[in-house]
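Chains as they are written, first to last, in my numbering: chain A, 2 to 218; chain B, -5 to 501. Ideal Cβ placement from N, Cα and C applies to all residues, glycine included. All figures in this text were calculated on a predicted structure; none of them were measured in a lab. These notes are about the structure you will find just below.
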Amino acid sequence: MAISETTAARYTAQDPDVRLMLRVQQDDADAFEELMLRYQDRVVSLMTHLVGKRDLAEDLAQEIFMRVYRSRKRYVPGSKFSTWLYTIANNVASNSRRSLARRHEVNLVAQESGEFTGNPLDQAAVAASGLMPTRLLDKAELSQVVQLAVAALNDRQRLAVLLNKFEHLGYEEIAEVMELTPAAVKSLLSRARANLRQVLEPYLEQGTKVNAGEADK
Amino acid sequence: MNNSSTNNDPQRLEQIVAYLDGELSPVDEALIQRQLAEDESFRREVQSMEQAWSILDALPGVTVDDKFSQTTMQMVVGAAKQDLTAQTVALPIQHRNQWLAKMLLFAATAALGWLVVQLVRENPNRTLLANLPEIEYIDIYSQFQDVAFLRALHVELGDTPWATELTDADLADRVLEYHAIATPTDREQWLTELEVEERVALRSRYNHFLAVSSAEQSHLRDLHASITNDNDSEQLIETLLAYQAWLNTLPASQQFELREMPADERVREIVNVQRREAANNWIDLSAEEVQQLRRVLLELRKQFMDSMSSQQRDRFEAAGVGGRWIAMTRQFPELRGRWRTSAGEVLSADKLSEFEALTVDEQEKQLLHWMRDVTMRDPRERGPGKRPRFDQVSQEELERFFAEELDATTRERLLAQPRDRMEQQLKYLYLRGEWPNYGENFSERDRLGPPGRERLGPGPPRRGEPGGFGPPRRGGPPEDRPGFGRPPRREGGPRPDGPPPRPDDDF
């Protein structure tokens, strides 16, 4: 879809990352490095939660940044820079999943844990209950429970949750990244949050206390 | 905590999640807030959703080390180097491609230009070929509006022969040629067989065709189509060509008079002329009798003109032979008697007795006919295929002409010219059967055309001279008569001897 000059000018004015990317377009290496430093942790984190493996996530993150560099001459500011970047990330993650699927590595998260079979949500619930002690969970244990709950979501729900929760993308931006309608994103996120609540319900009080404790420190 | 209510109502769940994410419209948001205030269970449900969302903050983040940045930048630098290398390698290829593209563009432009030039060059030929019949016969086609005229002419004329020297064989030749020109596939061949002079004449007619309006061109095409496509096409074509040949024998003034008549009146007049010509059993003069009578006529005419004012002389010269005779006999009745006496002296005994056997009215017509005959005989005898060229006139004949037929004034004027000029003028006068007072205003008359010609006005420059329409005539109608269309064929030759004379600007 063609992007009007007005739209491009608007995003250029509003988004400093867009201005950096436009400098990259002019072969400004410093601008690229700055962009990469701004986003590398977020991208690697996103990919880690999407593919389940840190080393693979880093490789994919590098592939994402390489794509950003190679696409620099074609770049037109049609949205926030992060939206454009996560669109590339979604494509790279999808390609990676297809590639892994061809090698019969279908369930990355299951293989990571090596313990679950059947419905991932039930498995996560079972796993979480296994961690459920009579005592309060510490932060690491709660983190593991949340990891399991997120990993239990399907790929689309997980990406939508990660983008919404940690990258603060609105429904429309998520829709653009995932090539969906905002209504579909709304529905997708509601189901994802219902699933998360189902898994995390036993720890809700716990989580509040942990967070409160962390906040007190 | 039981959340079955939201799990079973996806729409309600969506509204709660959208509310928590701040994605609801103000109206929907107000509804949710009212429900929160009123419904304890709903409030707990929203809180549980919010807590589950908040607990996600425990999800561990990732921090990459410097190695990741370095390796990524190295990859990018490597990619940049590869791009540069690829561009460097591709540069000659790009240059070559650009050069090829330029050459192709140049070649395409050249080809296009050549095509345009060819189209422009061929266009006149295409126009000529496409409209050849209308161009070749434009003069005669311009004489009438539709085939009804030709048809009426044919019907009204019946068996009356055309008063022309055109033989049946000549007419058949012209019909064949007409068909060749009318047949598109034969036109190119016909054009290639044209001689240079004929091409010049055709070019003149072509320019005439281009000069007329597109409506007139269209009319000419329609007329030609009618002539060639109607059921009685052969009769129409023969009538057309015979009419053309006959018109060529008429002086310009008569052609003009005919042309000005309404079609039906013109048909009647033409038919009457043909019938009169056919009905009159003229007593023909021998060449010697013509020469003798011509001298008498010239003498009479000179006497008559000497007595005129210049205006009267101009009017006299503008009149036809008949008009002159009437004018002469009306003002000088004795001229009639002298002409009659002279004729009687010149005629052989047989012819004289034949003449005297005629009624007075018939004798009057015969005398007028002889006057016309001695005026026109010489050019007529030289007519189609018989006209001598300048270099074919013997020196003796010219000397005799100079001594016997020219008056003293003209002789003096001629003798005042340089020798070559004098000879040229002498031959000119000889070939055109000039009058003795031709010497007056010599140069002016030379340009305008000789006096005594039965033209409505000054004619075009003579052929072969600057400003003329074509080469000197070697065939065709008499010089003092505008011609139509094709010239008569040379005796024994397959092609006409030369291009037909152009008619005056207006017939």
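CB-CB under 8 Å to Val265/B, same chain, minus the five flanking residues each way: which ones, in chain order? As a working note, residue 265/B is residue 271 in the second sequence. Leu147, Glu150, Leu151 and Thr154.
How would you list, in chain order, the residues of chain B whose beta-carbon sits under 9 Å from the beta-carbon of Lys140/A? Position 139 of the first sequence holds residue 140/A. Result: Ala52.
Less than 8 Å separating the beta-carbons of Val186/A and Ala161/A? Here residue 186/A is taken as the residue at index 185 of the first sequence, counted from 1. Here residue 161/A is taken as the residue at index 160 of the first sequence, counted from 1. In this structure, Ala161/A lies closer than 8 Å to Val186/A by Cβ.
Start-to-end residues for the alpha helix (DSSP H) that takes in Ser144/A: Numbered from its first residue, the first sequence carries residue 144/A at position 143. Element bounds for Ser144/A: Lys140 to Ala153.
Whose CA, out of Leu98/B, Leu235/B, His202/B and Gln211/B, lies closest to the CA of Asp164/B? Within the second sequence, residue 164/B is the residue found at index 170, counting from 1. If we check each option's Cα against that of Asp164/B, Leu235/B comes out closest.
So what's Glu438/B in DSSP terms, helix, strand or just coil? Against the second sequence, residue 438/B aligns to sequence position 444. No answer about Glu438/B holds up, because its pLDDT of 36 lies below 50 and its placement is not dependable.
Consult DSSP for Arg270/B and reduce its assignment to one of helix, strand or coil. Taking the first residue of the second sequence as 1, we reach residue 270/B at position 276. The answer is helix: DSSP assigns Arg270/B an H, G or I state.
Does Lys81/A get closer than 8 Å to chain B when you measure Cβ to Cβ? Taking the first residue of the first sequence as position 1, residue 81/A is located at position 80. Closer than 8 Å: no.
With a threshold of 8 Å between beta carbons, is Thr49/A in contact with chain B? Here residue 49/A corresponds to residue number 48 of the first sequence, with the count starting at 1. Yes - at least one Cβ of chain B is within 8 Å of the one on Thr49/A.
Quick check: what's the CA-CA separation for His50/A versus Arg39/A? In the first sequence, the residue the question calls residue 50/A occupies position 49. In the first sequence, the residue the question calls residue 39/A occupies position 38. Cα to Cα, His50/A sits roughly 19 Å from Arg39/A.
Measure the CB-CB distance between Ser336/B and Val290/B and report whether it falls below 8 Å. Here residue 336/B corresponds to residue number 342 of the second sequence, with the count starting at 1. Here residue 290/B corresponds to residue number 296 of the second sequence, with the count starting at 1. Yes, the pair counts as a contact, with Cβ atoms nearer than the cut-off.
What residue from Leu217/B, Val40/B, Trp276/B and Phe143/B has the CA that sits closest to Pro256/B's CA? As a first step, residue 256/B must be located in the second sequence, where it is residue number 262. Of the candidates Leu217/B, Val40/B, Trp276/B and Phe143/B, the one whose C-alpha sits nearest the C-alpha of Pro256/B is Phe143/B.
Looking only at its chain, what residues have a beta carbon closer than 7 Å to the beta carbon of Ser227/B, apart from the 5 residues adjacent to it on each side? The residue given as residue 227/B occupies position 233 in the second sequence. Cβ within range, chain order: Ile221.
In the region 27 to 40 of chain A, which residues sit with their C-beta less than 7 Å from some C-beta in chain B, listed in chain order? Phe33, Glu34, Met37 and Leu38
Pairwise C-alpha distance: Ile231/B and Gly433/B: The sequence position of residue 433/B within the second sequence is 439, counting from 1. The sequence position of residue 231/B within the second sequence is 237, counting from 1. With a pLDDT of 34 at Gly433/B, under the threshold of 50, the predicted position of this residue should be treated as unreliable, though the coordinate-derived value follows. Roughly 45 Å between the two C-alpha positions.
Does any residue of chain A have a CB that is nearer than 8 Å to the CB of Ser208/B? In the second sequence, the residue the question calls residue 208/B occupies position 214. No, Ser208/B does not count as interfacial toward chain A.
With a threshold of 16 other CB atoms inside 10 Å of the CB of Met97/B, please say whether the residue is buried or exposed. Taking the second sequence and counting its residues from 1, the one referred to as residue 97/B is at position 103. So Met97/B counts as exposed.
For Leu85/B, which residues from the same chain have a beta carbon less than 8 Å from its beta carbon, with the 5 sequence-adjacent residues on both sides left out? As a working mapping, residue 85/B is identified with position 91 in the second sequence. Correct list: empty, nothing qualifies.
Residue-level contact to chain B via CB, Tyr172/A, 8 Å cutoff: Indexing the first sequence from 1 puts residue 172/A at position 171. Taking Cβ atoms only, chain B reaches closer than 8 Å to Tyr172/A, which makes this a yes.
Can you find a CB in chain B that lies within less than 8 Å of the CB of Glu1/A? Any answer about residue 1/A is impossible in this case: the structure gives chain A only from 2 up to 218.
In whole angstroms, what separates the C-alpha of Gly53/A from that of Arg11/A? Residue 53/A sits at position 52 when you count from the first residue of the first sequence. Residue 11/A sits at position 10 when you count from the first residue of the first sequence. So the two alpha carbons sit approximately 37 Å from each other.
Simplified DSSP assignment, three categories, for Gly79/A: For this step, residue 79/A is matched to residue 78 along the first sequence. DSSP places Gly79/A in coil when its eight states are reduced to three.
C-beta contact flag for Gln63/A and Thr66/B at 8 Å: The residue labelled residue 63/A in the question sits at position 62 within the first sequence. The residue labelled residue 66/B in the question sits at position 72 within the second sequence. Contact: yes.
Neighbour flag for Asp42/A against chain B, beta carbons, 8 Å: Counting from one through the first sequence, the residue named residue 42/A turns up at place 41. Yes, Asp42/A lies at the interface with chain B (some Cβ there is under 8 Å from its Cβ).
Which residues, taken in chain order from the region 180 to 209 of chain A, show a beta carbon closer than 7 Å to some beta carbon of chain B? Lys187, Ser188, Leu190, Ser191, Arg194, Ala195, Leu197, Arg198, Leu201, Glu202, Tyr204, Leu205, Gly208 and Thr209
Closer than 8 Å between beta carbons: that is the criterion. Which residues of the region 45 to 69 of chain A meet it against chain B? Val45, Ser46, Thr49, His50, Arg55, Ala58, Glu59, Ala62, Gln63, Phe66 and Met67
CB-CB under 8 Å to His218/B, same chain, minus the five flanking residues each way: which ones, in chain order? Indexing the second sequence from 1 puts residue 218/B at position 224. Counting only Cβ-Cβ distances below 8 Å, and skipping sequence neighbours, we find Pro127, Glu128, Tyr131, Tyr135 and Ala176.
Glu44/B and Leu14/B look like a contact to me (Cβ under 8 Å); what is the Cβ gap, rounded to whole Å? Counted from its first residue, the second sequence places residue 44/B at position 50. Counted from its first residue, the second sequence places residue 14/B at position 20. Right, the Cβ-Cβ distance comes to about 6 Å (below 8 Å), so this counts as a contact.
Ignoring anything shorter than 4 residues or poking outside the region 123 to 197 of chain B, list the alpha helix (DSSP H) runs there in chain order. 126 to 130, 132 to 135, 141 to 151, 162 to 176 and 178 to 186
Proximity below 8 Å, CB of Ala46/B to CB of Leu143/A: Taking the first residue of the second sequence as 1, we reach residue 46/B at position 52. Taking the first residue of the first sequence as 1, we reach residue 143/A at position 142. Taking 8 Å as the Cβ cut-off, Ala46/B and Leu143/A do not qualify as a contacting pair.
One question on the structure: do Gly338/B and Leu329/B come within less than 8 Å of each other, judged by their Cβ atoms? As a working note, residue 338/B is residue 344 in the second sequence. As a working note, residue 329/B is residue 335 in the second sequence. Their beta carbons are not under 8 Å apart, which means Gly338/B does not touch Leu329/B by this criterion.
Taking 8 Å as the limit between beta carbons, can you name the residues of its chain near Thr84/A, skipping five residues before and five after? Here residue 84/A is taken as the residue at index 83 of the first sequence, counted from 1. Hits under 8 Å: Leu170, Glu174, Glu177 and Val178.
Going by DSSP, what residue range makes up the alpha helix (DSSP H) through Lys166/A? In the first sequence, residue 166/A corresponds to position 165, counting from 1. First-last of the alpha helix (DSSP H) with Lys166/A: Asp156 to Lys166.
Whose Cβ in chain A lies nearer than 7 Å to the Cβ of Gln88/B? Working through the second sequence from its first residue, we reach residue 88/B at position 94. None at all; the shortest Cβ gap to chain A is about 16 Å.
Should the region 186 to 197 of chain A be called in touch with the region 147 to 165 of chain A, which here means at least 3 C-beta pairs below 8 Å? yes
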